[in-house]
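K.L.:
Numbering (our numbering), first residue to last: 175 to 410. Note that beta-carbon positions come from the ideal geometry of N, C-alpha and C, so glycine has one too.
1) Give the range of the alpha helix (DSSP H) segment to which residue 378 is assigned.
2) For the pair the stretch 395–404 and the stretch 336–351, tell me if three or more CB-CB distances fall below 8 Å.
3) Which whole-angstrom value describes the C-beta separation of residue 299 and residue 281, a residue pair presumed to lie in contact below a C-beta threshold of 8 Å?
4) Given a cut-off of 7 Å on the beta-carbon distance, is the pair residue 387 and residue 288 in contact?
5) Considering only residues of the same chain and omitting the five flanking positions on each side of residue 312, which have a CB-CB separation below 7 Å?
6) Might you give, ordered along the chain, the residues of its own chain that have their beta carbon closer than 8 Å to the beta carbon of residue 189, omitting 5 neighbours on each side?
7) Please check the pair residue 297 and residue 305, which I expect to be a contact at CB under 8 Å, by giving their CB distance rounded to whole angstroms.
8) Would you tell me roughly how many angstroms separate the C-alpha atoms of residue 356 and residue 330, rounded to the nearest one?
9) If I'm right that residue 366 touches residue 377 with Cβ under 8 Å, what's the distance once you round it to whole angstroms?
10) Less than 8 Å between the CB atoms is what I'm expecting for residue 307 and residue 316, so what's the real figure, rounded?
11) Based on DSSP bridge pairs, tell me the residues matched to residue 286.
12) Considering Cα atoms alone, identify which of 348, 368, 358 is closest to residue 274.
13) Under DSSP, the alpha helix (DSSP H) around residue 339 begins and ends at which residues?
14) For residue 207, count neighbouring C-beta atoms within 10 Å of its own C-beta (all shown protein chains included) and say buried if the count is 16 or more, exposed if not.
Printed below as a string of structure tokens:
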């Protein structure tokens, strides 16, 4: 009975210690419990080896293998599955404010607020669905950009977000924008935040406001600046 109490206490302490150490990471519940299980397995291996119940050389493998698996879980970018077009539209529905200039991609949505010169970004698919970009560690987003999980359009928006919020992190990162077709009429209306029946004056007014906010000479993003110009050209 005493042994079971000791084991339960050790497992409980391990659980809360991992919660404390990993609380700042963006992890799914299943990933956390995989780390928990592997950590418990490592402790068990050390205990059995120290009491002579398994050979000492076996302890080395029993520590290295779980440790490598734990590191793989901790530093692997979470998967962001590419959804179907219908799924993307449904995800945008809760996030898209038609009164704000919006840039949409299969996995990412960016919105600009001309009033206070701020940008807001969200993940729209996968394990981070509807998660604000500000709640995801920048280092994790950069790792995702370097992986093969990011589609070109979403990757471009993440890079643009970094340019406007963490430009220093792109220095020496070796990341560049992918070529992308000009926006469709629907995408152009989302970018300029105008309705389908907007007049030429309304379109020009919105375009002027956005290029003033995004102009590279004023600390803006050249790629978004070009998309705004393309949107204007599409509608006029």
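P.N.:
Looking at the coordinates:
1) Element bounds for residue 378: 374–388.
2) Verdict: yes, contact present.
3) In this structure, residue 299 and residue 281 form a Cβ contact; the two beta carbons are roughly 5 Å apart against a cut-off of 8 Å.
4) Judged by their CB atoms, residue 387 and residue 288 are nearer to each other than the 7 Å cut-off.
5) Within the same chain, residue 312 has close Cβ partners 340, 343.
6) Taken in chain order, the residues that qualify are 210.
7) The Cβ separation is near 5 Å, so the contact holds.
8) Straight-line spacing of the CA atoms in residue 356 and residue 330 works out to 13 Å.
9) Contact between residue 366 and residue 377 holds, with the beta-carbon distance rounding to 6 Å and staying under 8 Å.
10) Between residue 316 and residue 307 the Cβ distance is about 12 Å, and since that is not below 8 Å, they are no contact.
11) The partner list for residue 286 (beta bridge, DSSP) reads 293.
12) It is 368.
13) In the DSSP assignment, residue 339 falls within the alpha helix (DSSP H) that extends over 326–339.
14) Exposed, because fewer than 16 other Cβ atoms sit within 10 Å of the Cβ of residue 207.
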